[in-house]
């Protein structure tokens, strides 16, 4: 055999698929890491921005509820003149300030004059000013619609924050999974491309040996068929890589909310190697289970339970009769005149006031009792949901943790499978060089090596995805570590 043919054959047979596992290092300037992706996702993705609006909406709900406690100024005037004769002039202005504990403080000025003015509204020509308070003594004293609305809106802030976390965690988890799928397709493409290159070198070497008469012509057909099979598999892998790149581009948006595309030159970070296959300690699992107590789904149910609890307090308060007391101190003339303001002592208060009381109570209370019972049923439903969700979340954490441990063992075993497949390939290669084997058997051994390497890459990608899934199942955001 000529020296050139021997060198070509040696190159084809010694550089086997095991070399494909050690790919050339990627250009770090072209790396698009998981941390880069998650930065884009959390800052610019429309879903992330949408989730960021939820706390602001809840804040405005609280502000809206607090609006029921805003002071209100009202004024009204009624007058009548007929045939040049003045019948009456009735004017009433009031400032009302709601207080948190249910009472309303009010100050006003009223003036009712004229021949036919209602005696109830009659005042001196100077008018009448007053300062008073309206206090609920039973229903509405401890809680009322205004305070309940504020408390429920505050509980809604916790609900909104939980929904924001839930939406963002779900988005980041899916982005992380898609990133590792993208990385896996890149790794598969690289392995298969290297495999095609090796098959091409072997075909040229075998053809040279056929020309020299060392091998039968059918061996070149065998080598050509293997090359074509590998080329077809590579084409399919390239399509999958392109589709995965397009899928990952869905997460990329610029500051102007315009979609971006991944450049064709960028490469993913490597799949996690043996040094990253860490065991999950008992303390880590306990910590995750403790974190799961603050899972967004549980926080949402707790916020709903809090809202129903506030509603229950209000409904129970409505079972009481309505008894309201109004008391106004009166002063002749326009209000707030320092020189005319009397000393508010006992004698003055006893002789210059307007007092009122109102009472109401439905005898059967059917509406109130029905609403309270419905509220109790809703609370029971929430409690049962919380129990079920808590159990499901804890089970989910333990399930993913068990999968984590199983994947570590699978990765260790699959790494040994790759090494054993490589030893078999090397042994078959030695037999082939001694004329004791065939191209078919050598190709079969190489196919086993490539299959084992691809399986290892799939397990590495699944391990990285499971790591993100574990944090998500505990209610935390997946990290780019």
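Numbering (mature numbering (1 follows the signal peptide of the UniProt record, and there is no 0)), first residue to last: -20 to -1, 1 to 461. Glycine included, C-beta positions come from ideal geometry on N, C-alpha and C.
- Between residue 221 and the set 187, 160, 238, the nearest pair of CA atoms involves 160.
- Taking 8 Å as the cut-off, the beta carbon of residue 156 is found no closer than this to the beta carbon of residue 251.
- Across the set 446, 419, 458, the C-alpha of 419 shows the shortest separation from the C-alpha of residue 206.
- Counting other Cβ atoms within 10 Å of its Cβ, residue 244 stays below 16 and is therefore classed as exposed.
- In chain order, 176 place their CB closer than 6 Å to the CB of residue 211, counting only its own chain and leaving out the 5 sequence neighbours on each side.
- Rounded to the nearest whole angstrom, the CA to CA distance from residue 265 to residue 386 is 15 Å.
- Cβ-Cβ distances below 8 Å link residue 143 to 31, 34, 276, 280 in the same chain, with the five nearest sequence neighbours on each side left out; the list follows chain order.
- For residue 194, no alpha helix (DSSP H) segment is defined, and its DSSP state is neither H nor E.
- By the neighbour-count definition (other C-beta atoms within 10 Å, threshold 16), residue 241 is an exposed residue.
- The beta carbons of residue 271 and residue 454 sit closer together than 8 Å.
- Nearest neighbour of residue 368 by Cα position, chosen from 278, 55, 48, turns out to be 278.
- Beta-carbon to beta-carbon, residue 103 and residue 94 are separated by about 11 Å, too far to satisfy the 8 Å threshold.
- For the pair residue 120 and residue 294, the Cα-to-Cα distance works out to about 8 Å.
- For residue 89, the closest C-alpha among the options 415, 311, 404 is that of 311.
- Residue 62 and residue 68 have their C-alpha atoms some 10 Å from each other.
- If the five residues before and after residue 370 are omitted, its C-beta is found closer than 7 Å to the C-beta atoms of 278, all from its own chain and listed in chain order.
- In this structure, the beta-carbon distance from residue 225 to residue 441 does not fall below 8 Å.
- Per the C-alpha coordinates, the member of 114, 185, 42 positioned closest to residue 86 is 114.
- Leaving aside the five residues that flank residue 380 on each side, the residues in its chain whose CB is nearer than 8 Å to its CB run, in chain order, 446, 449, 450, 453.
- The DSSP-derived three-state label of residue 334 is strand.
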